[in-house]
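Residue numbers (the numbering used here), protein chains in the order written: chain A, 1 to 373; chain B, 1 to 373; chain C, 1 to 373; chain D, 1 to 373.
Number of protein chains: 4
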Amino acid sequence: MRDVVEIGIGKTALRGYHLDDIAIVPSRRTRDVDDVSTVWQLDAYQFKIPCVAHPSDATMSPSTVVALGRLGGLGVLNVEGLWCRYEDPTEVLESLGTLDDDGPPATRRLQEVYSAPIRPELIADRVKTLRDAGVTVAVRVSPQHTLSLAPVILDAGVDILVIQGTIVSAEHVSTQDEPLNLKEFIADLDLPVIAGGCTDYKTALHLMRTGAAGVIVGVGADGWSTTDTVLGIRVPMATAIADAAAARRDYLDETGGRYVHLVADGDLRTSGDIAKALGCGADAVMLGEPLSRCEEAPAGGAWWHSAASHPKLPRGSLSVAEEPLGPMDKLLHGPSDDPDGTLNLFGGLKRAMAKCGYRDLKEFQRVGLVIDR
Amino acid sequence: MRDVVEIGIGKTALRGYHLDDIAIVPSRRTRDVDDVSTVWQLDAYQFKIPCVAHPSDATMSPSTVVALGRLGGLGVLNVEGLWCRYEDPTEVLESLGTLDDDGPPATRRLQEVYSAPIRPELIADRVKTLRDAGVTVAVRVSPQHTLSLAPVILDAGVDILVIQGTIVSAEHVSTQDEPLNLKEFIADLDLPVIAGGCTDYKTALHLMRTGAAGVIVGVGADGWSTTDTVLGIRVPMATAIADAAAARRDYLDETGGRYVHLVADGDLRTSGDIAKALGCGADAVMLGEPLSRCEEAPAGGAWWHSAASHPKLPRGSLSVAEEPLGPMDKLLHGPSDDPDGTLNLFGGLKRAMAKCGYRDLKEFQRVGLVIDR
Amino acid sequence: MRDVVEIGIGKTALRGYHLDDIAIVPSRRTRDVDDVSTVWQLDAYQFKIPCVAHPSDATMSPSTVVALGRLGGLGVLNVEGLWCRYEDPTEVLESLGTLDDDGPPATRRLQEVYSAPIRPELIADRVKTLRDAGVTVAVRVSPQHTLSLAPVILDAGVDILVIQGTIVSAEHVSTQDEPLNLKEFIADLDLPVIAGGCTDYKTALHLMRTGAAGVIVGVGADGWSTTDTVLGIRVPMATAIADAAAARRDYLDETGGRYVHLVADGDLRTSGDIAKALGCGADAVMLGEPLSRCEEAPAGGAWWHSAASHPKLPRGSLSVAEEPLGPMDKLLHGPSDDPDGTLNLFGGLKRAMAKCGYRDLKEFQRVGLVIDR
Amino acid sequence: MRDVVEIGIGKTALRGYHLDDIAIVPSRRTRDVDDVSTVWQLDAYQFKIPCVAHPSDATMSPSTVVALGRLGGLGVLNVEGLWCRYEDPTEVLESLGTLDDDGPPATRRLQEVYSAPIRPELIADRVKTLRDAGVTVAVRVSPQHTLSLAPVILDAGVDILVIQGTIVSAEHVSTQDEPLNLKEFIADLDLPVIAGGCTDYKTALHLMRTGAAGVIVGVGADGWSTTDTVLGIRVPMATAIADAAAARRDYLDETGGRYVHLVADGDLRTSGDIAKALGCGADAVMLGEPLSRCEEAPAGGAWWHSAASHPKLPRGSLSVAEEPLGPMDKLLHGPSDDPDGTLNLFGGLKRAMAKCGYRDLKEFQRVGLVIDR
């Protein structure tokens with residue numbers, strides 16, 4: 001039944017499906033929207049909505065991490081971002097927010113501001129700010145810098161560690177440095193780790209076997225990402241999530257009950273996209289660009305990925321600031337006055353669940369899907 | 001033969017087809033257009049054309065309900081619409097007709113005007129107006145308000161009751177209110193009920209088992225609907241209609257002869273779309289936006305769905321008024337002077353039937369189809 | 001192997017392919033372009049190129065019929081067109097050529113000028129002009145008017161009769177008039193008949209059994225046709241041609257050797273399209289809009305189908321005149337100075353045949369194809 | 001498993017895939033980018049990057065051939081191009097670089113400047129210039145002119161001979177001239193020959209049997225080519241490369257070890273495209289238009305194919321000059337400041353290989369692929 005295609009004699013490819021290729025089919029009872037719960041629990045931490053922030057400086061500053069936490073989601077601060085390179089990055093962020101062109105000059109500006117060194121003492125400061133606010137504290141570090149930055153991060157006292165690169169594997173090979181051994185690293189920690197991205201069953205399974213509490217599926221690609229044109233890597237998210245969900249099932253069986261959460265990161269723009277990602281098997285979604293449209297966004301509405309500032313091979317352009325759609329609360333919980341799916345993101349999810357008759361997120365992973373593109 | 005696709009390991013989806021994905025293939029004799037009949041009979045009521053109006057205030061006022069009835073179709077007044085909230089909604093409708101932007105301000109205006117309460121005495125008045133005009137009287141109520149509004153509606157004396165929401169199931173679950181039990185409700189009535197929308201075989205079959213005379217297939221989605229982006233629900237109409245037609249066959253067999261009519265509601269813009277919907281198995285079509293282009297349209301050509309005025313999660317934008325295409329008679333019966341398929345809608349249907357050699361609508365459901373997109 | 005798809009439970013559709021969906025794959029020897037022949041022979045008539053004109057007044061006047069004949073193709077005059085309704089339609093054609101909008105006013109103008117009655121004596125005149133010029137004489141008549149106009153057409157002395165409507169079947173049913181019995185009509189003639197359009201195997205086979213020398217495949221649809229939106233009929237030409245070619249093979253077998261020619265009419269814009277239609281199995285192509293771009297075009301470059309002037313249900317808009325691309329000779333035989341495939345149409349065909357190693361049209365029907373859209 | 005489709009009764013077509021239809025799926029370990037090698041070895045010649053230039057005058061002058069060689073690739077001069085028709089084509093190139101329209105006037109200008117005769121003494125001169133610069137010397141000749149121009153080319157002393165036409169077969173048939181017998185011709189040479197294009201398994205295999213060291217897959221088609229619309233030939237590159245790779249395997253087996261290199265020529269615009277072509281099985285890529293965007297480009301950024309200047313049937317329009325993206329070194333090796341995949345082409349390839357865990361090009365041909373369009 002799996003669509004394995006011979007693209008040429010002896011060369012096969014699986015067929016993959018994007019979230020845009022599928023839709024939800026209500027096919028059973030309906031339910032009152034007030035009887036539906038979107039609660040998500042990761043390890044000891046419970047969230048009112050299955051929403052993790054993509055750790056971009058365009059959306060996640062210490063204050064927006066706190067704001068998102070208070071609104072029921074999980075904010076993530078990038079310890080390799082501007083807040084850990086500059087004492088006060090406010091001006092830098094403002095200058096990025098006033099760029100009016102998404103071309104090479106914007107890319108060069110990104111490359112320039114990110115060439116400032118990471119300052120460990122700022123990491124400690126930022127984490128303290130978050131702790132003091134009383135929200136669940138999560139920070140992101142790249143696999144390359146995990147070993148060097150872990151001591152300061154752990155000392156500062158975070159709740160959840162996000163180890164995220166475009167593609168993260170359980171086995172990184174290097175002839176030059178001692179590479180990060182994720183399994184050993186996680187075994188020594190006593191806090192939950194979310195690791196990724198990954199795009200297929202095998203890598204997801206291996207990441208689960210490292211002991212990660214959560215695995216990120218996808219490379220965070222959105223309309224502004226160019227992972228596709230630069231690297232030839234394009235992730236059909238519906239397939240990637242479903243494949244990782246199969247890995248979750250197999251790993252659950254192989255461990256006799258260890259459940260690893262899937263956090264979908266990519267192609268998520270509307271409440272409909274969120275519903276589809278969860279319907280494919282994700283436990284939570286990582287939101288990038290959508291959060292850049294809230295009034296609290298630190299760069300005034302501009303948006304960029306971390307890969308957009310790569311010094312030699314940037315993979316994503318800066319999206320110039322647009323008028324905010326409203327406060328973060330309105331984006332997440334409504335009420336909406338714009339029917340395009342970008343407001344009341346989790347109210348929309350809740351209503352989709354109600355129309356399909358499901359009570360909670362785990363049940364909703366079984367919703368019927370149709371392919372129609 | 002059914003295209004069941006594994007989108008990821010262990011996760012399947014059916015493949016669905018939109019009306020745009022298919023076309024009609026003439027493949028037998030041809031026939032004189034004058035020998036073709038488009039008569040449609042629902043219960044005791046006969047219609048010259050298989051045309052039901054989508055119950056939007058943008059197209060259906062008491063006077064256009066009457067006009068459509070006189071032209072051979074079935075008009076439907078929304079008892080939760082403006083005509084049952086305002087003594088005289090003319091000015092409100094005019095103000096909506098002069099909006100020149102389809103963005104959030106238009107949505108907020110819709111939300112505002114629909115926040116006025118429903119007034120039962122107006123329902124009685126409106127129905128009386130329709131009865132007095134001598135046409136078949138049909139009104140629409142949402143499942144949520146059916147129990148509370150039924151007494152006044154039934155007292156007023158309607159011929160056909162349309163119970164319509166985005167998705168209506170035979171089994172609505174609620175922990176808060178006593179939900180509508182459609183089967184019991186219909187059993188107590190002695191008038192035909194049309195209920196829906198639904199999008200799949202199982203829901204259609206269950207709706208048929210409630211005793212409904214007609215089932216609405218589709219969620220009324222058109223170019224202005226955002227059910228897809230907001231809820232992740234996108235209905236491939238050709239598949240939805242064909243699946244519901246299978247439910248109709250099975251229900252016919254299980255009851256030894258009770259024939260339930262399918263009313264297709266969604267993606268219908270041109271006479272070609274109408275022909276394709278009927279070719280897929282529909283008995284009639286529900287027309288929304290196309291009727292907003294006639295001179296008699298109450299909001300001067302503006303168009304919106306009922307879901308477009310939802311107070312917290314609107315799902316459809318207002319389409320600003322365009323120049324009318326002509327009187328309703330010309331839209332339905334021609335002659336046409338615009339070859340884009342929006343005029344002479346049922347003359348176009350008749351000619352398609354003639355070119356394929358069919359005499360009546362029931363026969364035409366067997367027409368050959370091709371998938372070519 | 002045939003792609004039969006269940007679009008819904010119990011409802012199937014064949015999958016069809018447009019010419020745009022396929023491409024030619026050179027996969028054997030190559031050949032000198034000068035060794036390739038494009039000669040086409042229909043009954044006693046030989047043509048240098050397999051080119052028949054679509055009988056639109058926009059391209060076919062008595063003088064362009066003659067011009068096309070002299071350049072190696074077959075011109076076709078429409079006896080129901082303007083040249084047989086007006087003593088001198090020059091001014092009417094000029095006025096259509098100067099319209100600058102393709103909307104309803106243009107359609108109304110077409111409806112108006114075609115409301116003038118057909119004058120039989122003009123048919124005789126026009127045919128005489130063609131005969132005197134010494135080219136093969138072909139005229140088009142609709143099935144509806146064949147019985148009434150045949151006497152004057154046959155008396156006038158044509159070589160080939162084209163009986164063409166949007167869809168023509170071998171069995172037309174009417175309760176009002178005595179319909180045309182194509183088989184009896186053709187049996188009584190002693191000149192070759194080309195009949196169509198048709199879009200499937202069965203209709204093609206039945207048309208062959210009427211005794212037609214050629215069958216038109218397709219409804220002449222191009223970018224300006226709206227048969228799709230108005231009637232729901234959309235013809236995937238690659239499939240329609242291949243299916244009709246199967247009918248040709250089966251009819252050849254059933255008659256022990258009667259070869260009926262397939263004339264493809266629709267979706268033909270470039271030399272690449274022509275090559276693909278012949279590669280699918282057509283014997284010749286019917287060119288409509290492409291010929292409207294030659295300097296000799298009677299309406300100065302404007303283009304419309306016969307169905308565009310239908311009084312009640314027009315199915316095609318008028319395409320306003322554009323700058324001509326050059327004389328007819330350049331369009332057909334080059335040399336080209338525009339690489340978009342609209343010039344040197346049959347030189348392009350010849351070169352495609354050479355790159356695939358084929359010598360003549362009949363051989364070229366076996367060329368390899370790829371589906372890639 | 002191979003997708004053979006019956007497009008109509010009895011007429012089949014294979015399904016082909018473009019590079020745009022597929023993407024790379026990282027699915028194993030990851031690797032340090034510094035541990036990845038892109039070295040390509042053809043016969044005795046080693047290249048730092050698997051990059052051959054498409055022999056267009058728009059990109060390849062004697063000085064850019066040298067520049068590309070010094071940067072690790074293989075430049076190719078067209079001996080039928082302007083540098084072998086004009087003593088000094090600088091002015092001609094400049095005039096082409098200042099054209100500001102890609103329409104017929106540009107095509108006529110190309111036809112005109114290429115109507116000057118080829119001057120054998122200039123071929124000798126140009127080759128000498130290249131030899132003197134110390135890079136690997138490769139020139140392109142068309143199959144038609146190979147026999148007549150070979151003596152002067154070989155006397156001049158080239159390292160690699162590229163025999164390239166739109167479609168080149170191992171067996172060209174002509175009733176007029178003595179055609180080129182590739183097999184005999186190559187047998188008599190003692191230098192490696194790269195021959196093509198070809199688009200399928202059989203032609204690739206036959207070209208390998210002529211003794212060619214490399215086979216060109218594809219017809220060099222890019223956004224500016226009109227081989228599709230003019231000839232009906234459209235090459236789905238992913239399939240063409242994979243099919244040719246199967247021929248390479250079979251030929252390797254049949255000869256007990258002769259490895260023929262595949263050079264992909266077509267649809268290559270970004271580093272992602274390059275990675276995908278190699279992932280499908282190519283050994284190297286032939287770059288056309290991308291090199292026209294470097295500062296050294298001889299026609300100031302304008303781009304055209306050789307087929308664009310064909311005197312009777314041009315198949316490609318001139319692309320007017322755009323602002324250069326940077327020096328050739330930056331295009332090939334970065335660093336990039338534009339995330340659209342057109343800069344740091346081979347740095348991008350290297351990073352894609354690293355993210356998939358491969359060390360060298362040959363290994364990378366086994367990378368996992370997904371079809372998602």
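C-beta atoms are modelled at their ideal positions from N, C-alpha and C, and glycine is treated no differently.
Next item on the list: Kindly give me the distance between the Cβ atoms of residue 300/B and residue 97/B, rounded to whole angstroms, as I take these residues to be in contact under 8 angstroms.
Entry: 3 angstroms
Next item on the list: Give a yes or no on whether 8 angstroms exceeds the smallest Cβ distance from residue 172/B to chain A.
Entry: yes
Notebook entry, point to check: Counting contacts by CB-CB distance shorter than 8 angstroms, is residue 25/D in contact with chain A?
Noted result: Yes, its Cβ sits closer than 8 angstroms to a Cβ of chain A.
Notebook entry, point to check: Below 8 angstroms between beta carbons: does that hold for residue 195/A and residue 156/A?
Noted result: no
Item checked: Same chain, Cβ closer than 6 angstroms to residue 210/D, five either side skipped, listed in chain order -> 170, 182, 183 and 186
Next item on the list: Using a threshold of 8 angstroms, state whether the C-beta atoms of residue 237/D and residue 277/D are closer than that.
Entry: yes
Next item on the list: Assuming residue 158/D contacts residue 66/D (C-beta within less than 8 angstroms), just tell me the rounded distance between them.
Entry: Actually they do not touch by this definition, with Cβ atoms about 14 angstroms apart.
Checklist line | Contact with chain C by residue 362/B, beta-carbon distance below 8 angstroms | finding: Against chain C, the CB of residue 362/B has no partner CB under 8 angstroms away; the residue lies outside that interface.
Notebook entry, point to check: Taking the alpha helix (DSSP H) that residue 184/C falls in, what are its first and last residues?
Noted result: 182-187
Checklist line | In chain order, each alpha helix (DSSP H) run of at least 4 residues that lies wholly inside the segment 199-252 of chain C | finding: 201-209 and 227-231
Item checked: Alpha-carbon spacing of residue 247/C relative to residue 354/D, whole angstroms -> 55 angstroms
Check: Once you ignore the five residues that flank residue 22/A on each side, which residues in its own chain have a CB closer than 7 angstroms to its CB?
Finding: 238, 276, 369, 370 and 371
Next item on the list: Reducing DSSP to helix, strand and coil, say where residue 65/D ends up.
Entry: helix
Next item on the list: Taking C-beta pairs closer than 9 angstroms, name the residues in chain B that residue 357/A reaches, listed in chain order.
Entry: Within chain B, the residues near residue 357/A are 169, 171, 172 and 173.
Notebook entry, point to check: What are the partner residues of residue 369/B, as DSSP defines its beta bridges?
Noted result: DSSP lists 24/B as partners of residue 369/B.
Item checked: Three-state secondary structure assigned by DSSP to residue 286/C -> Looking at residue 286/C - three-state DSSP - the assignment turns out to be strand.
Check: For residue 336/D and chain A, any beta-carbon pair shorter than 8 angstroms?
Finding: yes
Note to self: I'd like to know whether the C-beta atoms of residue 79/B and residue 149/B end up nearer to each other than 8 angstroms.
What the structure shows: Cβ atoms of residue 79/B and residue 149/B: closer than 8 angstroms.
Check: Where are the beta strand (DSSP E) runs, 3 residues long or more, that stay fully inside the segment 123-201 of chain B, in chain order?
Finding: 138-141, 160-164 and 193-198
Next item on the list: Quick one: list the residues of chain D neighbouring residue 17/A, beta-carbon separation under 8 angstroms, in chain order.
Entry: Simply 372.
Notebook entry, point to check: What is the DSSP secondary structure of residue 53/C, counted as helix, strand or coil?
Noted result: strand
Margin query: So, at 6 angstroms on beta carbons, what are the nonlocal neighbours of residue 49/A in its own chain, with the 5 sequence-adjacent residues on each side left out?
Written below: 38, 72, 73 and 346
Checklist line | Of the residues 226/D, 292/D, 27/D and 257/D, the one placed nearest residue 339/C, counting alpha carbons only | finding: 226/D
Next item on the list: Could you have a look at residue 39/A and say whether DSSP puts it in helix, strand or coil?
Entry: coil
Notebook entry, point to check: Leaving out the 5 sequence neighbours to the left and right, which residues in its chain are closer than 7 angstroms to residue 30/B when beta-carbon positions are compared?
Noted result: 354, 355 and 357
Next item on the list: Tell me whether the beta-carbon of residue 292/B lies closer than 8 angstroms to the beta-carbon of residue 114/B.
Entry: For residue 292/B and residue 114/B, no; Cβs fall outside 8 angstroms.
Next item on the list: Determine whether the Cβ of residue 239/D lies closer than 8 angstroms to any Cβ atom of chain A.
Entry: yes
Notebook entry, point to check: What is the C-beta distance between residue 13/D and residue 25/D, in whole angstroms, given that I count them as a contact (C-beta under 8 angstroms)?
Noted result: That pair is no contact at about 27 angstroms.
Note to self: On the DSSP bridge list, what partners appear for residue 264/D?
What the structure shows: DSSP lists 217/D and 285/D as the beta-bridge partner residues of residue 264/D.
Notebook entry, point to check: Which residues mark the beginning and the end of the beta strand (DSSP E) in which residue 11/C is found?
Noted result: 11-15
Note to self: With a threshold of 8 angstroms between beta-carbons, can residue 164/D be considered close to chain C, or not?
What the structure shows: So, not an interface residue.
Note to self: Am I right that residue 120/C and residue 162/C are in contact with their C-beta atoms under 8 angstroms? What's the rounded C-beta distance?
What the structure shows: Not really, about 18 angstroms apart at Cβ, beyond 8 angstroms.
Next item on the list: Measuring alpha carbon to alpha carbon, tell me which of 34/B, 51/B and 33/B ends up nearest residue 41/B.
Entry: Looking from the CA of residue 41/B, the closest CA among 34/B, 51/B and 33/B belongs to 51/B.
Item checked: Which of helix, strand or coil DSSP assigns to residue 343/C -> coil
Next item on the list: Pull up the distance between the alpha-carbon of residue 106/B and that of residue 99/B, whole angstroms please.
Entry: 7 angstroms
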